[in-house]
Structures are given as C-alpha cells and as structure tokens.
Amino acid sequence: MPTIQRKKICAGYEPVPGYVLEEVIGRGGFGEVWRSSAPGGLKKAIKFVFGNQDQSRATREMRSLERVKGVHHPFLLTLERFEVIDDQLIIITELADGSLEDVFKRHRDNGSCGIPRDVLLSHLHDTADGLDYLHQSYQLQHLDIKPGNLLIIGGHVKVADFGLLKDLRDIDCSVVGGLTPIYAPPEVFDGRPSLHSDQYSLAVMFQELLTGTRPFSGRTIAQLATQHVHSAPNLEALPPSDRPVIARALEKNPNRRFPSCKAFVEALRNHRDRLSQIQSQFVDDDAHDTEDGVVTPGASVEDLPQIAEGSSNRKGVLAQHALVIGLGGTGAECVRELRHRIAELHIASPLHLHSMVIDTDLSTIHTLRLGEVSDRVPKCNSVYTPLRTAHEYRDAGTNRLKSISRRWIYNVPRSGSTEGMRPLGRLALVDHGKMVKDRLIQSIEEMVAECGSVPPKIYVVGSLAGGTGSGMYIDIVHLLRSMLDESGLEEVRILSLLSSVGFQIDHSNPLALHDAQAALNEIEFFMQVGNGYPGDEGAGWPSVPAARTPLRDLYLICASSADQLASNPIETITEYIWGDSTGCGDLLAAARRYEQSDSPSIRKPSIRSVGVIPLGDRHGVETRVLSPAVVRELLTRWLGVPSKARKASPDLADRFERRLSLSLQHTIETLTDHLDMKALPNPTVGGIEKVVADRVKNGNYDWVSAGWLNNIYREISVCLNDRRADVSTVFESLKLLNDRCLEWSRDAMQSAPSPVGAEETVVADAIYIDAIVKRLSAHQLEQFASGLTFLEERLERLAAILAVGVVDTKNEMGDFNPWDSMPEVVRKQFDGVVKQLHSDTVGQCLIRPMNDLGANLDSRSLIFELTELTVPIVVDMVERHSAEVAKARVGVLNVEQPDQATTSLTNTAPQSAINRTAQTHEVTMANQPRVASGPMSIDDAIVCVKPALLSLGGLQRLILVVGSEVERTQLEPQVRAIHPGSLTVAVIPNTEPKLIHEAQKIELKNVMSRLAVLNGANEQVTSRLASRVDVAF
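Residues 2 to 1034 (my numbering) are what the sequence shown spells out, left to right.
Dropping the structure here:
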C-alpha cells in the first residue's frame, strides 16, 4: 500500500481553504483539536482523527458522523463539515469556551471539592435535554459521556464528540474499544447498550463533579469493569437527599433507571436542600459505612478491634425518637415489651416510641389495644390485614395479585390464618397494600412532626420462621425505605432485627426452618448489586434501587435451646433497641462499622447477629423463669375460667342471698318494723307519694341498701381470700343477684296498692302502710342493684387487668410450665408457693383494689409487685433444696473427687427439650465467695451472649457496657479473666450494665447451607414457600 505524504499539522497550516490553524486546544489518544480562524473572521474548532481513513478509529468516527449530521439541537455541538484530507478524517465544529472538565478543575484549584450544585444541575439539564433528543427522536446513544465531552458555549452545555454514537436499532451495536471505563455503564461492557446507558454515565459524572469522588474506586480498566458490572456504588460522599436518585440512575438493570435523562436531573432538583434543617451532629454515625471493597472472611470467627474511646455517648441517655415496625406476633410482642418498659418508668422516658404493628391475627391487634397502659406512650398504629377466603379472592378478581402464586390465592386455610406459610403472609399484605402504605406514611409523618431536627431511629422487627413476618418483611422494609427517602430522611438507616427458631430439627414445627430458608434465599437475591427491589404494581408500591437496599443492615437472632439462661430472641431484640435508642446509640453505631480493605473485591451477601445479656440479679432461673410462672398461675386462679364461672355463679348468688338475708319479703318486713307510724301524716291518697318522696329524699332508709353493699363487699372479700371463688365467678354471680333485685323491685311496685281518688281522699291504714312500705322496698332494692352495677364494673376492670397480666407473663414456651422441668421435690412445691403468694398478696393486690376507689391498678404494676414478692419465696425454696443437694454431693466428692466443685439443683433437674436451668458451683461459692454480678455468673453470661450464628463463621466484637467507673472496676477484670479476645468497655452514665456481642459478615451461603442440611435438602418445600412468582429467585 503506497505511503501517503501528509503536510505537517502546525500553526498556520490550512487543511481546508479558508480555515487556518492557530493553536492546539486539546489532545488525546485518538486525535487532537485545534482552534482555527474561518472565513468571515469566525473562530472554529478542527479535530484531526489519528489514523488513516480505513483504520478502525477513523472508520468508527466517520460512521458516527454520518448518523449525527442531520441532527440539530441547541444543546448538541453544531457540526459544520467533515471530510477526508490526505487520507485523514477532519471534523470542523463550532468553537467552545471550554468544557465541564475545565470548570471542575478551576473549582478544584480554588479549594472547592467540586462544582457548586446549582451550577452543575443547570449544566446537566442542558446535557439531558440534548441527550434525550438523541434518544427519543433518533434512537441514538452517545456512549461516551464525560466532562471533557460536555462543552461550554455561551454559558450553556453542548454535547460533543460523537465518536461512539450508536443507533440502538442496529442488531449489532457492540461497543468495546474507545469507551471511557470510568463512566461506562455495565451493559456496555457486555456489548448491549440500551436507551438508558447515557443516564448511567451522567450519574457517575454528577457525583464526581459535585464531590470530587467517584462511585467506583477502580484504577485499572479491569477493576472498573468488574465494579461497574458486579459491585454496589459507594454514594456516601453525596448529600443524603441525592443518594436515592443516583442509586436509581446507577441500577445495573437499565430498565430500572429513570425513563429519561431529564427525569433523572429533575429528580435531583426536587430532592435538593431536603436535609438542610437537620443538624449535622445528629447524623447517624454508621451512615458512613462502605460496603464496597470488603474482604469476606472464611468460616472461622475473627475478632474485630476494640472500639476507640469517644465512640460512646459519655453524657449518658439522650431523648431519642424511634419508629418500630412490628410484623406478626413476634413483632407485636417486641413492640409491647418496649411500650411496657416505658410505662414502668417513674421518670420521663428517654425513648419517644412510635410504633406500628401489622398482623393477620385479630387477637394480636386486640391484645395490643388492651395493652395501652400509659398515656406517656403514643398509641400504637395497629394494622389488621386479614386473609380472605378463596371464594372472596375469586369474586374480587386477582389482577392486583399477579405477583402471588394462584396456588396460595385459591388455597387459603379455612382457619383464615397463615398457618406458618409465608406466601400467605405476603398475600395478606399485598391485598391490603394501599392501606398499609397509607398507614406507613401516617406513622412517618407523625414521627417527623414530633422529632424535629433530630433524625429518628428506625427498626423493623419480626420473625423469619413464621408466616406473617417472614412473608411481609422484604416488601415492608423496602416500602419503608422508599417512604423515608420521600420524607427527606435519606440518611436514616433502617435496622432490621429478625428472629428465627434455633437451627435444629423440630418435628413439632417442620415449616419454621423452611420458612427461614425461603426468606433468606429471597433476601440474598435482593442483596446482590444487580437486583433492585421491583416494587409491586398491584399493591401500588414503588421500586427501590439495589444501591439503596436496606437489607445490609439486617440482624438475624436465632433462638438457643442449649441453655435456658440464654435470652430468647424477643428479649434480645428489645434490649438492643432500648440500648441503641437510649444512650448506647453512638457505641452500637461504631460497633456496626467494620474495617475496609484496600483491595477491591465483590462483596458477598452477609448478615449480622447480636446477643445482649443484662447484668443484674444472679438468680436468673428463679427471677426470669420460675417466679413468672408462679405469678401467672396465681393470676389465672384469681381470674378464673368464664365457662366454669357461669356454671358456678348460681350457687354463689344463692350464698350471697342467704348471707345478706336478701329477699323482697324480708325487705318489706324490715321496713315495716322500722316504719314510725306516729310520724306518718293522715292516711290519704296524696299522702302516700308525699311520704315516700320525703323518705327517699332524706335517705331515711338508705341504711338498708348500704348495709347490703357493705355485707356484699365483706362476703366477696371472704370468698376471694379463702379461694372459694374467683373474680369471674363473683362477677357472674353479681349479675344474677342484680337481675334478681331489679325483678323484686318491679314486683314490689306492681304489688303496691294504688288507691284512686282526690289527694285528700282517706284510705284504710293497712292499704296506706302497705303502699308506702312496698314503694320504699322497691327503691332500696333498686338502689342496691345500682351499687351492684358499680361493683360489677370494678370487677370487670379487675378481670381485664388480670387477663392482660396472664398474657404478659406468658413466656416463649406458651402454656408449658417451667416448674415441670424441675426435680420432683421442687415441682411439688409449686402449688404451695402459689398458695403462699396468694395469702401474702390477696388483700393488697386483689381485695383492696376492689374496695378502694382510690386504688390505681394496672397489669404491669400488679405483675411487678407480685414478682417482687414471689422472687424471695422462690429463691429461698430453691436455695434450700440446692444446699441439700450440694451438701450431699460434697460428701461424695470428698471421697471420690475432693478437688472438684459440685453443681447446684439445676443440674439435678431432668433436662427439658425447651428449658434447662443454669449451672452454678455451690461448693466453690461457699468456700470462695463470688460477687453476684449478673443474671448468671460472668462465664455463663459470656457463653450465653454469643450469637448462635457465629458457629457459621464471621467477625465478632464483645462489648461490656457499664454505668459507672465503679461498675467498670468490678466487672471488667471478671470479663477479661474469662474472655481472652478483644473487649471494648464503655462507661455510659445511667445505663444498666450489660454484655453485647456483635457479629458481622456471616455469609448467607453458610447460613443457607446449614438450613438446607437441617431441612433434609428438601428444596421442593422451600421453593414452594417463595413469596412471589414474578421474580426468579
């Protein structure tokens, strides 16, 4: 091929007649750009494309020019001419004043991090206008959007350099060479540009020009390509209000981005200045976590470093607003526990609790409403989402339920409950989607109105091992994220605290682990950087970009059957929320952070877990397990059973009649005997009513009904004290007695003589006295019935308090009595302990509130008072038995193993499938006294606080929280003597001492592998529990 001789490109060279080069204004790998003078004294830009006409770069540029030469728009650089001279492509365009890259460098040189937001958005608006014109009118994508290709002319931006311009109607439009990997969207690396590819580049460029940092930190083409395709963007440098917008524009799936570039820029404009009123010092510390670049550990457990001094709030408890969303029964129980904790405080609560509970079970909603125990706690926003029958779904149509499998829609159990099947929980949620969304918005608005400039804490709580919480969680947490973003709370993180049954086979609840596995499978799917939450069109829920997923702040707390002293998940969740929102927030935010790696890698989906053990009374079993069971039994006996009460009430009502000598005839005889005949006026027709009215007005005979009331109170007190009757039976008997009195009153009035005639008409003495006595008898019986009604209302309120108390003392084992797992000699003491507690408390806690109008009783205070009185009884009984066991064992050990300590009563108990009491060392404690520092010994506490999921690997951090330096001096040496690893000790004034064990980076693949083994690799059951059919999990 002959060599083509080219003239040297330099100043003064005239490549095209009339166009004389003046100076170079730009040079790159593919060519250089000169400023030149043009005919008429105009200034133009001339680009020389390197390479011969038939070489790839020139050919590609020529093809792009052919596409764009007929395109004209105010914000697209005007193309004047292009031609091949000396076998080299030359392009002549209008001359720009500079580029966005020049503007950015100028601001950086002046000490700014980037271009001011208003100026940048104005430039991006011009860019978006021009790009959308290309997209919508010509189906063209620029595919090389970067600051250097956005030129400034007359104060506006014009898009330039169309070397990679692609017609999306071409079947083969792959792009590899020539693209700028810093800004390139993931689909371009796969050779599949889309209508929204330029929008992605625009989003990357926006963050860079605004903040000086890019969402992807790679330095080589390989690193950048990997991050664009597989990694989540790091948006933490952006203002919080911009993060949701940029996250959507950077979705891996082009179809989930904004519909146009202008829509993207408008979204940025609409979100501006949302958080200017929120003071920067209140921004959530852990909002600076970066998921990108973390090296996931293997199956081993590694210690995280100690948290630096100053990470905790040294001032102690600060007032904090928190919104807790409870899903299903577990979520409702967590909310109830938090509300009760606030109600128990005798000082102003440090936690302003806002709550919302969603459940398919009406009894849960009713229990929540019964539990409104304090005016200091805002009313819980309870949302009832019942399942319909299959027939009702069929009649109403299922168009809005397209994401739900028909298998579930038309096979709703007759019970109307989810029966542990998570797709039914989601069916109920989607069916009531608009109501749930509206109530979420209402809860957020109410909270924002109260919390002012202080960002609130947001929590979602529930269980993954059931039907309601497991089926609803993913939708609710993403819907909540979207609603918070729209409310200007983009920087506020959502902490999800979810429970699960223990990772062991349970034949009594075979679906639980399948539910957990199916839920975690879906959670893992939506944690992946390319899988944004799609929303649900039928329910009216918006989508959420993958970069905004709230799933990375998910804690899974598994129940442990290994030790009875270990907190159940509800206790752990409640303790964590309370600590995080009432003084330990800064500390726990620091604990949630983890170290970053300098080498970028693809983040593996992982979850967190946590354990919390309060350090207080050492009698954990007696205080937390046995005593509540005694209290619950006593409350149950006091309350009685309504069905049995109705059967027993007639006999009790008869007893009351006999003891009070209550009857119509006896009443008439009593009043006749006490009627002063001499004081009566002349026996006339008018005199009857006058005498009765005067006696009633003056209360001359009220001593009769008052005596009955005094006697009925005494009789009820005797029956309750002697355990002859319970509150329900007394209540039913009073209703019967009330009805009898009213009937006698009516009979008396009907049988009373009513002589006719003028008022002065004289009547016979016998008729006169009979008429007066029967009317007065009717009045006294009616007055007594009114007193009975008032007493019934008191008893009804007392019964309601007792019923709530029975529910509140119900532990995680349901109706199982933990005393049944005790040694027989202890178990036999149960009834005696209940009777002793009854004798000690019935007068103060049951009879006095019934008699005393001023008594202010509620279920929590009643339980607290009974428990305080129960614990010493139970502790004394258990310790006496433990001493006997220890004494017997000491004798054996002195013969066989004199150097070993014996174990307490709790080791002599038969091991229950659910309960096992703690081990103590009675002999060691007797010989070497040990300070009781917690609900168990420190070594037991360290064992019990460890999250069960750490057996699957991860990172861990143990934290000791104390309320004073004195407590630190007492507890820290004990913990360090047993725990050889890293320990963070934080002194937070006015905080109860506790151990917190934070676990991170527990890989989901390990968790699901364990579940698969426990489920017998029965993937068919797990797959059927998928909550939606429109996503290929």
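Backbone N, C-alpha and C define an ideal beta-carbon position, used for all residues, glycine too.
In the DSSP assignment, W820 forms no beta bridge with any residue. Bounds of any alpha helix (DSSP H) do not take in R215, whose DSSP letter is neither H nor E. For S1024 and V230, the gap between their C-alpha atoms comes out near 28 Å.
Sequence-distant partners of A466 (beyond 5 residues in either direction) whose C-beta falls short of 6 Å from its own C-beta, in its chain, are S501, V502, A513, D516, A517.
Contact between V461 and S483 does not hold, since their C-beta atoms are separated by about 14 Å, which reaches or exceeds 8 Å.
Judged by DSSP secondary structure, S232 falls outside any beta strand (DSSP E); it is assigned neither H nor E.
When F83, N111, F105, D133 are compared, the shortest CA-CA separation from V120 is found for F105. Going by DSSP, L972 is part of the alpha helix (DSSP H) stretching over 966-979. By the Cβ criterion, the region 775-782 is in contact with the region 682-702, since at least three pairs of Cβ atoms, one from each stretch, lie closer than 8 Å. Here Q518 is not bridged, per DSSP, to any residue. Boundaries of the alpha helix (DSSP H) harbouring C742: 728-752, taken from the DSSP string. When I1003, V976, V944, C945 are compared, the shortest CA-CA separation from G955 is found for I1003. Taking 9 Å as the cut-off, the beta carbon of A590 is found no closer than this to the beta carbon of R958.
In the DSSP annotation of this structure, the continuous segment of the beta strand (DSSP E) that includes I154 starts and ends at 151-154. With respect to G421, G468 sits close: the two C-beta atoms are nearer than 9 Å.
Selection S509, Q505, A540, G586 evaluated against C559 yields Q505 as nearest (Cα-Cα). The Cβ atoms of N712 and R660 lie closer than 9 Å to each other. Under the three-state reduction of DSSP output, Y460 falls in the strand class.
The C-beta separation of V728 from L803 comes to about 6 Å, placing the pair in contact by the 8 Å criterion.
For T685, the pairing in a beta bridge is given by DSSP as V763. Going by C-alpha positions, A323 is about 17 Å away from L555.
Nearest to P570 by alpha-carbon distance, out of T985, G330, R64, E252, is G330. Going by beta carbons, D127 and F76 fall inside the 9 Å limit. Your pair R389 and V413 checks out as a contact, with CB atoms roughly 7 Å apart and the cut at 8 Å.
In this structure S100 does not touch F163 by the C-beta definition: roughly 15 Å separates them, more than the 8 Å allowed. Using a Cβ-Cβ distance cut-off of 8 Å, the region 756-763 and the region 663-675 are not in contact, since fewer than three pairs of beta carbons, one from each stretch, lie closer than that value. Residue pairing by DSSP places F527 in no beta bridge whatsoever. Residue ranges of uninterrupted alpha helix (DSSP H) with 4 or more members, entirely inside the region 49-124 and ordered along the chain, are 57-69, 101-110. Residue pairing by DSSP places I359 opposite L328, V384 in a beta bridge. Spanning the alpha carbons of Q830 and E338 requires a straight line of approximately 30 Å. A distance below 9 Å separates the beta carbons of R36 and K45.
The C-beta distance from Y184 to K159 rounds to 18 Å, too long to meet the 8 Å contact threshold. For G503, there is no enclosing alpha helix (DSSP H), as DSSP gives it neither H nor E. Selection P754, L305, A250, A547 evaluated against S983 yields L305 as nearest (Cα-Cα).
In this structure, G833 lies away from R633, with their beta-carbon atoms at least 9 Å apart. In the three-state reduction of the DSSP assignment, S1024 falls in the helix class, which pools H, G and I.
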